[in-house]
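Accompanying notes for the structure given below.
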Ligand SMILES: Nc1ncnc2c1ncn2[C@@H]1O[C@H](COP(=O)(O)OP(=O)(O)O)[C@@H](O)[C@H]1O
Ligand SMILES: [Mg+2]
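Residue numbers (my numbering): 577 to 1054.
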């Protein structure tokens, strides 16, 4: 108890050594021991040592007789170590619960977003088809454009939810982060012009990162939008900085996902603002999906950043001082590639609405609205279309039409026989034509199947994107 000699305790009231939080309780217990002469079960209390240190103790008391007088014998044991261990255990459990909560949220968000994507494709596809009508009066055309604009905004939100769930399609290339950010310069300036002055400090000779440039752009835009929204005065300033940092274990601990990362070189992106800042209570929650303090906020921006960063095996951290500003830092592991590889962009054909050659296309899609729009667009473009609502129907149609089928457009996520399995069985039955796989999630794994997909079409796709892919794939075969 911090003393050196038992004498130091003598003559002092016992309660002096009891932590103030426990004094009432101890007083009540002492009364019971003395008046009832009962023994008391062990109890946790806190004492204060002579040196002022707080000690967790376990106390038992029993009634004895001392010199013919009733007295209490109180013994206690220092259990600080055990209490600390229990607390550690509780923290671990709380973290695990939190991780499980986020995991189920991400499953939920991903599932809802997937269904939404399909519905939106149905809506936007029909809008697109209506737009092709020649004799549509101008006011109706105006309304159509409004529906389309709102639909695209909804698709954007669904996209953020998918990004958070980490189940989006990723196209990884060796990318130069400074270049990705630099190319956004104009867009960023346009979106922050009225709120803040924007400064880009981009390290010119960064090592490359293995990343999806489209998703990195989404990260930059989300962070800069948030920074601009946090600025409530007219001296607003947002600084974007890229660079290379060598991070050790302790540095990494400050990042979300830091405990999964190994020490080493990381490319970083920093977005700093001098806006309102974030109080400690909210600071812990900003990455939670649906957490928002803004009137028109959805709370998906940072959740999407989190999902994307996780998908890139990187980390993200936030520092903020209320009233002074906020800094977000994203780190990405350095790739060992020497040269940036850019996504191969298909050259758009001059007029995609013209069919290349008359060809029969098998369109496999379980969502009725999506299938209907796709089939109509393809037919308008002059193709023959066979429609299948499931893998089973697709296989039956292949049985019937065989080599007449020039191309299969195949949805990956379907109940029953899914896209991957349908592809495998089509190949087993000798179909060797091109197959275009579409999905709102990732590309899927076709590595162990002979006859890989000819192309991948991420959902939601527009009619012209569908036509372009079909055109390109068939063109390659000519
Ligand atoms: N740069 C920032 N400055 C202050 N607060 C921020 C900043 N970035 C994010 N936040 C806080 O985090 C919350 C969640 O952000 P986000 O996930 O992008 O959702 P939303 O922007 O829809 O609210 C915001 O509502 C805001 O409270
Ligand atoms: Mg936001």
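The beta carbon of each residue, even a glycine, is placed where N, CA and C say it ideally should be.
Less than 8 Å separates the beta-carbon of residue 1012 from that of residue 986. A distance below 6 Å between beta-carbons, with the five flanking residues on each side excluded, links residue 724 to the following residues of its chain, in chain order: 703.
Near ligand 2, meaning a Cβ closer than 6 Å to any of its heavy atoms, lie the following residues in chain order: 798, 801, 802 and 877. Residue pairing by DSSP puts residue 654 in a beta bridge opposite 633.
For the pair residue 696 and residue 735, the CB atoms are not nearer than the 8 Å cut-off. Taking 4 residues as the minimum length, the alpha helix (DSSP H) runs contained wholly in the segment 925 to 1013 are 944 to 956, 967 to 977 and 995 to 1004, in order along the chain. For residue 907, there is no enclosing alpha helix (DSSP H); the enclosing beta strand (DSSP E) covers residues 901 to 909. One Cα belongs to residue 899, the other to residue 905, and the distance between them is close to 19 Å. The beta strand (DSSP E) runs lying completely inside the segment 645 to 700 and spanning 3 residues or more are 645 to 654, given in chain order.
In this structure, 776 is the residue among 776, 1010, 943 and 679 with its C-alpha nearest to the C-alpha of residue 847.
A check of alpha carbon separations from residue 940 across 955, 970 and 957 identifies 970 as the nearest. Pairing residue 980 with residue 958, the inter-Cα distance amounts to about 16 Å.
Per DSSP, the beta-bridge partners of residue 841 are 822.
Residue 1040 carries a helical assignment under DSSP once its states are collapsed to helix, strand and coil. Residue 750 places its beta carbon 8 Å or farther from that of residue 809. Approximately 6 Å separates the beta-carbon atoms of residue 685 and residue 865; this is inside 8 Å, confirming the contact. Of the other Cβ atoms in all chains shown, fewer than 16 fall within 10 Å of the Cβ of residue 839; this residue is therefore exposed.
Of the candidates 949, 819, 826 and 853, the residue whose Cα lies closest to the Cα of residue 842 is 819. Within the chosen limit of 7 Å, ligand 1 does not reach the beta carbon of residue 891 with any heavy atom. Remark: C-beta atoms of residue 594 and residue 621 approach each other more closely than 8 Å. Shown here, residue 856 sits in a helix according to DSSP, grouped into three states.
Segment contact: the segment 878 to 889 against the segment 851 to 864, three or more CB-CB distances shorter than 8 Å; contact assigned.
Cβ atoms of residue 849 and residue 889 stay farther apart than 8 Å, at about 27 Å. For residue 796, the uninterrupted alpha helix (DSSP H) segment begins and ends at 789 to 805. By the 16-neighbour rule on beta-carbons within 10 angstroms, residue 947 is buried. In the structure shown, residue 582 falls within a helical segment according to DSSP collapsed to helix, strand and coil.
Boundaries around residue 879 are those of the alpha helix (DSSP H), 877 to 887, since no beta strand (DSSP E) includes it.
Segment contact: the segment 623 to 642 against the segment 585 to 594, three or more CB-CB distances shorter than 8 Å; contact assigned. According to the DSSP assignment, residue 763 belongs to the alpha helix (DSSP H) that extends over 761 to 768.
Within the same chain, and ignoring the five residues on either side of residue 640 in sequence, the residues whose Cβ sits closer than 6 Å to its Cβ are 647 and 649. Beta-bridge pairing by DSSP links residue 619 to 635. Non-local C-beta neighbours of residue 628 in its own chain, meaning closer than 8 Å and more than five positions away in sequence, comprise 578, ordered along the chain. According to DSSP, residue pairing for residue 750 in a beta bridge involves 786.
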